[in-house]
Amino acid sequence: MAIEKTLVLLKPCTLQRALAGEIISIFEKKGLQICGMKMMQLDDAILSEHYAHLSAKPFFQRVKDSMMTAPVVALCLAGVDAVAAVRALAGPTNGRLATPGTIRGNYCMSFQENIVHASDSPETAAVELARFFRPEEIFSYRPATFDYLYANDEY
Ligand code: ADP
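Going letter by letter, the sequence shown gives residues 89 to 243 in my numbering.
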C-alpha cells in the first residue's frame, strides 16, 4: 500500500446545483487530504484529451459540451490507496443505478451529469493530474491527523 494522489473534477452540474462544498466535505471527512484545488473553465481541446477513450461513442461530443457549460473544480486528493478509495466513494458511472451511500448514488439521477470525475488507476491519475495541475499547484504536507487516520503498517 502506498500513499497516492488522484484527480477529482467536480463537474459543472455540481457547481450549478450548489453541491461543491458538500462533495468536498465528503472527501475531507473520509480522510482524504486536499493537496490541490482550483476552479477552471475547460475547453474542447483538454476535454478531447481527457475523454479520448470515449471518442468513438455517440455521446462523446455531448459529454464534452456538458463539461463546458460552467466551470469545474479540480482537486488533487491524497491518501493510502487514494485512487481506489475515491472511485469507491464516487460509485459507478450511472447515478440512477449507483449504490446509495456513494456520491453518485446519493446525489444524481444521470449517466452523464454524475457529479464527479475520478481517476481510474494510479497510472491514469498521474497523467490526469499533470493535465489539470502545474507541479507547483500540488502541495505536499503531513496531515496533523495522520497517525489517527492510519495504522503505521498501512503505508
Ligand atoms: P467514469 O466517469 O465513471 O470513469 P467513463 O470514463 O466511462 O466513466 O465516462 C466518462 C464520463 O462520460 C462519465 O462520467 C459520464 O459523464 C459520461 N458517460 C459515460 N458513459 C455514458 C453514457 N452511456 N451515457 C451518457 N454519458 C456517459
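Glycine included, each C-beta is placed from N, C-alpha and C at the ideal position.
As the structure is a computational prediction, the values presented were derived from the model and not from experiment.
Is the CB-CB distance between residue i and residue j below 8 Å?
i    : j    : result
L103 : A162 : no
L120 : V174 : yes
D208 : E92  : no
A108 : V171 : no
E211 : G124 : no
V160 : L98  : yes
P100 : A140 : no
A106 : Y243 : no
F234 : L165 : no
Could you name the residues of the same chain whose beta carbon sits closer than 7 Å to that of residue i, not counting the 5 residues immediately before and after it, in chain order?
i    : result
A206 : T94, V96, V174, R175, A178
T190 : L177, A178, G179
Checking the sheet assignment: what are the DSSP bridge partners for residue i?
i    : result
Q121 : A166
M127 : V161
V96  : L163, A206
T190 : P188
I91  : V168
Closer than 7 Å: is that where the CB of residue i sits relative to any heavy atom of ligand 2?
i    : result
F234 : As for ligand 2, it is missing from this structure, which binds only ligand 1.
To which residues of the same chain is residue i closer than 6 Å at the C-beta, ignoring the five residues directly before and after it?
i    : result
I122 : none
A186 : G179, P180, R192, G193
K126 : A162
Excluding five sequence neighbours on each side, which residues of the same chain lie with their C-beta closer than 8 Å to the C-beta of residue i?
i    : result
Q58  : Nothing in the structure corresponds to residue 58, since the chain is present only between 89 and 243.
M156 : P100, Q129, L130, D131, D132, L135
P188 : N194
G183 : R192, G193, Y195, C196, M197, S198, F199, E201, N202, I203
The region 213–232 touching the region 124–137, judged by at least three CB pairs closer than 8 Å:
yes
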